[in-house]
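Q: What the sequence shown shows, in UniProt numbering, is residues 1 to 398, in sequence order. Note that beta-carbon positions come from the ideal geometry of N, C-alpha and C, so glycine has one too. The model shown is predicted, which means the values in this text are computed figures rather than measured ones. Here it is, the structure in full.
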Amino acid sequence: MKIVLALTALLVTIAQDTALSTTQELLHSDWALFKTKHHKQYNNDEEESSRFQIFQENRNMIIEHNKLYEQGLVSFKMAVNKFADKTREERMKNKPTTRHSNVSRSSKVGRHSNVTRSSTVGRGSKVASSSTTIPPRSVYLNWVEEGYVTEVKDQGDCGAWWAFSAVAAVESQVRWSYPKLISLSEQNVIDCSSKYGLKGCDSGTLHHTFNYILIQGINPEAHYPYTGKLGTCSFNSSDNYVILQDYSDISYADEEGLKSTVNTKGPVAVEFDASLDSFIFYESGMVGGRVKGVASQLTKVFLRVNKNRCITETVDDASYMIGIYYDSKCSSEDLNHGMVVVGYGTEDSQDYWLLKNSWGKDWGEEGYVRVARNKDNLCGVASAATYPIQPTVLGPRL
1 MKIVLALTAL LVTIAQDTAL STTQELLHSD WALFKTKHHK QYNNDEEESS
51 RFQIFQENRN MIIEHNKLYE QGLVSFKMAV NKFADKTREE RMKNKPTTRH
101 SNVSRSSKVG RHSNVTRSST VGRGSKVASS STTIPPRSVY LNWVEEGYVT
151 EVKDQGDCGA WWAFSAVAAV ESQVRWSYPK LISLSEQNVI DCSSKYGLKG
201 CDSGTLHHTF NYILIQGINP EAHYPYTGKL GTCSFNSSDN YVILQDYSDI
251 SYADEEGLKS TVNTKGPVAV EFDASLDSFI FYESGMVGGR VKGVASQLTK
301 VFLRVNKNRC ITETVDDASY MIGIYYDSKC SSEDLNHGMV VVGYGTEDSQ
351 DYWLLKNSWG KDWGEEGYVR VARNKDNLCG VASAATYPIQ PTVLGPRL
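Encoded structure:
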């Protein structure tokens, strides 16, 4: 009997050691793949060791969250992404929090232009006025599918979310009368707007960004490319550029007002609480191509070691679980990021907003995120929503 017990104990120990060894192998394999995929390089072994520990903690947190997702206890998946080797403090370094409330917002509702641009009307392609009637889409709307949204961009380590959010909204408005999408230059705004209250990659607001574009104008990205850092202003008024007639706010926390504006006016720039780990590492599937107009069969890349190869598996959308972002800890007043609302819909009886982010196509749903709608203004999506009015393209036709 003693021999049997001893053998059993030995087998248990071997199994535990084997499981631990396999777990460690997977961890180091994931670390190697993470560094390769995201082109990570560190200054020395000490820094790499520190980054590895941060990566391990974030990875463990993501694994535990996804166990809850598989049990149906949370509504979305998370994934290791390019932020996995950074601490929360590092991720929030260039994202100062601005507090918005009903009191602070109410004074901003309405029109903001102190400069009349009527003298420029007729020099270029004037976008249809805000009174233009667009057929209502009360249940589902996706401006990406309609062809009114530019490609997802990546702001990198520069904290100029305000430029990416505001510029994305202007790009979509320009498309109303222009025959094609024009990608405009966030770098132009970053470099040239310090006297308008913007601080390069450090801080800014949607209002200040729209004011700058209204008064000074913005060049196309093709003529003023993104560098991801503050540079010398190179705005060229003899080149093509876009100006605004005005911009307007949506009432504080008014999700129905936001939906109506997205429906009748187009994409809307919003501020957002993006500070939670659950949002930073958000990754959720898509179903039937409805989220972004993709093919009905989806391809997902599983990064795992198999004779040093990455395996690509095709997954039927019928078996590819979906999720909509919801976290009750998300603040509706303390906002630190900006995106643009490009649509809305309902999936499995859950209303959602479709937002375009500026963290690259390798984040979230190919750069987009679906956020729970009609959930008490989740993450402040309707706390500081602003949209541009009547952009005009000046200069030679692009």
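Using C-beta distances below 6 Å, list every residue in its chain close to Cys192, excluding the 5 sequence neighbours before and after it, in chain order.
A: If we look at Cys192 and ignore the five residues flanking it on each side, its Cβ neighbours are Cys233, Phe235.
Q: Return the CA-CA distance between residue 481 and Ser251, expressed in angstroms with no decimal places.
A: Any question about residue 481 goes unanswered here, given that the chain covers just 1 to 398.
Q: Return the CA-CA distance between Asn240 and Ala222, expressed in angstroms with no decimal places.
A: Whole-angstrom Cα-Cα distance: 10 Å.
Q: Given that a residue counts as buried once 16 or more other Cβ atoms are within 10 Å of its Cβ, and exposed if not, what is Thr205?
A: Buried, by the Cβ-count rule.
Q: Does DSSP classify Ile63 as helix, strand or coil?
A: Three-state DSSP puts Ile63 in a helix.
Q: Once the 5 residues before and after Leu68 are set aside, which same chain residues still bring their CB inside 7 Å of it?
A: Excluding sequence neighbours, Leu68 sits near Val74.
Q: Within 10 Å of its beta-carbon, does Ala385 have 16 or more other beta-carbons around it, so buried, or fewer, so exposed?
A: Flag for Ala385 reads buried.
Q: Taking the C-alpha atoms as reference points, what is the distance between Ile389 and Phe55?
A: Cα to Cα, Ile389 sits roughly 44 Å from Phe55.
Q: Of the residues Ile62, Gly380, Ile215, Lys199, which one's Cα is nearest the Cα of Glu283?
A: Nearest of Ile62, Gly380, Ile215, Lys199 to Glu283, Cα basis: Ile62.
Q: Give the DSSP-derived three-state secondary structure of Tyr252 in the structure shown.
A: Coil.
Q: Assuming Trp143 and Pro267 make a contact with CB atoms under 8 Å, what is their CB distance in whole Å?
A: Rounded, the Cβ-Cβ distance is 5 Å, consistent with contact.
Q: Following the continuous beta strand (DSSP E) through Ala166, name the residue where it begins and the one where it ends.
A: Ala166 -> not in any beta strand (DSSP E); alpha helix (DSSP H) instead, spanning 161-174.
Q: Taking the alpha carbon of Asn211 as the point to measure from, which residue in Val167, Pro220, Glu48, Gln173 has its own alpha carbon closest?
A: Asn211 has its Cα closest to that of Val167, out of Val167, Pro220, Glu48, Gln173.
Q: Would you list the one or two residues that DSSP bridges to Val242?
A: Answer is Ile218, Val393.
Q: Near Ser331, what residues of its chain come up, given a Cβ to Cβ distance below 6 Å and the 5 sequence neighbours on each side ignored?
A: Excluding sequence neighbours, Ser331 sits near Asp273.
Q: Looking at the structure shown, is Thr386 part of a helix, part of a strand, or coil, going by DSSP?
A: Here Thr386 sits in strand by DSSP.
Q: If you draw a straight line from the C-alpha of Lys229 to the C-alpha of Thr22, how long is it?
A: Looking at the two C-alpha atoms, the distance is approximately 42 Å.
Q: Using only the alpha-carbon positions, how far apart do Gly360 and Gly156 sit?
A: Going by the C-alpha atoms only, they are around 8 Å apart.
Q: Can you tell me where the beta strand (DSSP E) with Asp351 in it begins and where it stops?
A: Looking at the DSSP string, the run of the beta strand (DSSP E) that includes Asp351 is 350-356.
Q: Tell me whether Arg373 sits in a helix, a strand or coil according to DSSP, three-state version.
A: In this structure, Arg373 counts as coil in the three-state DSSP scheme.
Q: What's the call for His207, buried or exposed, on a 16-neighbour Cβ count within 10 Å?
A: By the 10 Å Cβ count, His207 comes out buried.
Q: Would you mind giving the Cβ-Cβ distance between Tyr387 and Lys265, rounded to the nearest angstrom? I have them listed as a contact below 8 Å.
A: Indeed, because the Cβ distance is near 6 Å, the residues count as touching under 8 Å.
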